[in-house]
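In the numbering used here, the protein residues as written are 972 to 1261. First the structure, in the form of structure tokens, and then the observations on it.
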Amino acid sequence: MTNATTERLFNMMLLPTCPEKPPNILEPVKLNLTNISLDELQTKYPSHPGDRYRPEGCRTGQRLAVVIPYRDRKQHLGILLNNLIPFLKKQQADFTIFVAEQAPGGTFNRGLMINAGVAAALKADNFTCLVIHDVDLIPETSDNYYRCRKNPLHLSTANAKFDYKLPYQWYVGGNVAITPSQYKRINGFSNLYFGWGGEDDDFGQRMATFGLRVERNPYVTGRYYAQSHGKDKGNPINPKRNILLGKAVGRLKTDGLLSTHVNTTVSHRSVVTLLTVSIDTQFYARTARR
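As structure tokens, this is what we get:
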């Protein structure tokens, strides 16, 4: 550890603990839906080394890694970040944003991108809380705290896409806060869901199998604006999702975070840590046949 790092850590320890409820936290959220590029975001929100944001004047007990699975949604990503960064800074969060971008070609795999993002985040730093975050969902209430609890927390309980209510009782799609130890315990997401649908229900089954009770935000708190988009040609409905779900519990130990087989390039782009993730599709084709 360098002298500069030691001095920085010492100075951080001298700071008071951030209050449980940050100042002005109940002020209404003003959504900003203006298109903005990553370069423009860099000018608007100068990042700290490593794209880490820290609260000013106090220290918080949790280190957040926000993981955004992503491909071909530049407009959505810019708008989300332009809202999410001030949202988290208002909460006095200590956070780093990891965007796991699937390389061009093939069918999108959300679960695999999340696993790749989590793996890169845990390799980069000692994070204490993971926030899985869809690129099209923007929080509408500032007291929707992005913090981990004793149990996994489903953040996006009131999604505008579903008329601000859960589409079904066991739904855990969208945004979830979970500790690294809990994520490792359930072996993360399945890597086998290529295309839309199924991976979040599989994730819910994993948590239930290991006795993790999912807590939920109240509807009044977990409200999210959903950015509209058309059909994604690279993310068609997965015709095998129900077959995979039927065998989900039997694959827990062999299919997930520990078996993530990708090539990830890490770069610091603007206000985020950008992960370009290339998938070995032949590897997963063989895995799915087992």
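For glycine and all other residues, C-beta sits at the position ideal for the given N, C-alpha and C.
Problem set entry | Bridge-paired residues (DSSP) for residue 1052 | Note: residue 1052 sits in no beta bridge, so no partner.
For this session: Drop a sphere of 10 angstroms on the beta-carbon of residue 1174, count the other beta-carbons inside from all chains shown, and report buried for 16 or more, exposed for fewer.
Result: buried
Problem set entry | Beta-carbon proximity list for residue 1181, same chain, < 6 Å, skipping 5 on both sides | 1156, 1157
Exercise. Secondary structure at residue 1165, three-state DSSP: helix, strand or coil?
Worked result: coil
Problem set entry | One or two residues paired with residue 1128 in a DSSP bridge | Residue 1128 is not bridged to any residue.
For this session: Below 8 Å CB to CB, which residues in the same chain sit around residue 999 once its five sequence neighbours on both sides are set aside?
Result: 1113
Exercise. Measuring CB to CB, does residue 1106 end up less than 9 Å from residue 1067?
Worked result: no
Exercise. Just the Cα atoms here: how many angstroms apart are residue 1160 and residue 1120?
Worked result: 20 Å
Problem set entry | The alpha helix (DSSP H) enclosing residue 1067, as first and last residue numbers | First-last for residue 1067: 1065–1073, but that is the beta strand (DSSP E), not the alpha helix (DSSP H).
For this session: Would you decide whether residue 1101 is buried or exposed? Buried here means 16 or more other CB atoms lie within 10 Å of its CB.
Result: buried
Problem set entry | Per-residue DSSP class, three states only, for residue 1085 | helix
For this session: Throw me the rounded Cβ distance for the residue 1235 and residue 1069 pair, which I believe falls under 8 Å.
Result: About 10 Å separates the two Cβ atoms, so there is no contact after all.
For this session: Pull up the distance between the alpha-carbon of residue 1033 and that of residue 1115, whole angstroms please.
Result: 15 Å
For this session: Locate the alpha helix (DSSP H) running through residue 999, then write down its first and last residues.
Result: Unbroken run through residue 999: none, as it is neither H nor E.
Exercise. Are the region 1017–1030 and the region 1049–1065 touching, with three or more C-beta to C-beta distances below 8 Å?
Worked result: yes
Exercise. Should residue 1209 be labelled buried (16 or more other beta-carbon atoms within 10 Å of its own) or exposed?
Worked result: buried
For this session: Take residue 989 and list the residues in its own chain whose beta-carbon comes closer than 6 Å to its own, dropping the five residues that flank it on each side.
Result: 1026, 1029, 1031, 1063
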